[in-house]
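A.B. asks: This is the structure, below, for whatever I ask next.
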Amino acid sequence: NYFVKTGRISDPLLAQYFSNGFKNVRQLIEDIADSRGLGKELKKGLERFALSRGIPRGEIATVKKMEIPMHDPRAFKLQGLAYATSSRGADHLQAEMYEVDMGVDNRVIGIISGDRWEVNTDERVRTLINTQNYRQVYNSAILCSYAKINPEDVVDALNLATGFDYSLEELMEAGNNIINEKRKLNERLGMSRKDDYLPEIVRKRIEGEPSESGTGEEEIKSLLDKYYDLRRWISKE
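Following this line, the structure appears as C-alpha cells:
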C-alpha cells in the first residue's frame, strides 16, 4: 500500500487491492494463496516483489527478506538492532525490546529497561543480547508469548519435565548456544554481517517525533560493532 500511495509502483492491479478501504485485501490474500494473477509474484515476499519493480533496497521494510511487523524500530532503537541481528530477520518474538523499554524488564537475567533513544552503550546492547538468549530457550520450550512466565518458573518447569537440574545461568547459556548455532548455519549458507541490516526506511526520524528517533548509518554501525564484540563474533563483511 505504501508503494501504491507514494506512486513508487504504478500498477492498477496492485492499486485495486487497496481501493475501497480494505475490503479488497481479502481478495489479495486469496490471490496470494492460490498463486493467481499478481498474487503469483506477491507470494514470493515483499522484498523480491519490490526489487523486481525497481524499488531500492533501502525503501523496502524487510530484514533478511522477512517483512518488518508493527513494532517500529523508529520508536524503539534496540528493536531495530534486534531485527538486524536476528537469524531469521525482522521477527519481534526473537527479542521484544519494545516491551523491555516500556518497562517490562527481567533483572534477574540481566534484562533491564532503559531509555529507548539512548542505546549506544555496552550495557544497553547487553540487555538486547540477554533478551535474545532468554527468548531462544522460551521459544524452544514452546511457551506462550502472552503468558510472560518468569525465568525462575521456566527453569523449574523444564527441570520437572526433563529430569535435568538446570540453573538459571545454564538456561541463559543454552540460549546463547542456540543463537551461535543459528549464526554458524547462516554463515554456511553464505550470510555475513552485510545481512545484519536495517533498511533506511525504518531508520529515518518519524515526523513530529524527537530527533533521537532516527538511527543514522554510523549509529547502526557502532551498535553492530558493540553487538559483535559482546557476542564475540568475527565480523565478516
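Residues in the sequence shown are numbered consecutively from -4, following the numbering used here.
Glycine is no exception: its CB is placed at the ideal position from the N, C-alpha and C atoms.
(1) Hey, could you find the ends of the alpha helix (DSSP H) T80 is sitting in?
(2) Determine, using beta carbons only, whether Q127 and G170 come nearer to each other than 9 angstroms.
(3) Mind checking A90: buried by the 16 CB within 10 Å criterion, or exposed?
(4) Report the CB separation of V95 from S108 in whole angstroms; it is logged as a contact under 8 angstroms.
(5) Measuring only the C-alpha atoms, how far is I196 from S208?
(6) For P64, tell me which candidate among R52, D26 and L88 has the shortest Cα-Cα distance.
(7) If you measure from the beta carbon of I55 to each beta carbon in chain B, is any gap under 9 angstroms?
(8) My assumption, with CB atoms under 8 angstroms, is that D26 sits in contact with G16. Please give the rounded CB distance.
(9) Does the Cβ of T210 have 16 or more other Cβ atoms within 10 Å, making it buried, or fewer, making it exposed?
(10) Short check: CB of Q131 to CB of I104, under 9 angstroms?
(11) Taking the C-alpha atoms as reference points, what is the distance between K60 and R188?
(12) Just reading off the alpha helix (DSSP H) that A28 is part of, what are its end residues?
(13) Please list the terminal residues of the continuous alpha helix (DSSP H) segment that includes L138.
(14) Using the Cα positions of D67 and L218, report the straight-line distance between them to the nearest angstrom.
(15) Between I201 and G49, what straight-line distance do the alpha-carbon atoms span, to the nearest angstrom?
(16) Helix, strand or coil for N128 per DSSP?
(17) Quick one: using the 10 Å Cβ neighbour count with 16 as the cut-off for buried, is K72 buried or exposed?
(18) Mind checking S82: buried by the 16 CB within 10 Å criterion, or exposed?
(19) Near S233, what residues of its chain come up, given a Cβ to Cβ distance below 7 angstroms and the 5 sequence neighbours on each side ignored?
(20) Got a sec, what are the start and stop residues for the alpha helix (DSSP H) F17 sits in?
C.D. replies: In brief:
(1) K72 to T80
(2) yes
(3) buried
(4) 6 angstroms
(5) 13 angstroms
(6) L88
(7) Absent here is chain B; the protein component of the structure consists of one chain.
(8) So it is not a contact: roughly 18 angstroms between Cβ atoms.
(9) buried
(10) no
(11) 15 angstroms
(12) V20 to A28
(13) From DSSP, L138 is part of no alpha helix (DSSP H); its letter is neither H nor E.
(14) 17 angstroms
(15) 25 angstroms
(16) helix
(17) buried
(18) buried
(19) In the structure as shown, the chain starts at -4 and stops at 232, and residue 233 therefore has no counterpart that could be examined.
(20) From DSSP, F17 is part of no alpha helix (DSSP H); its letter is neither H nor E.
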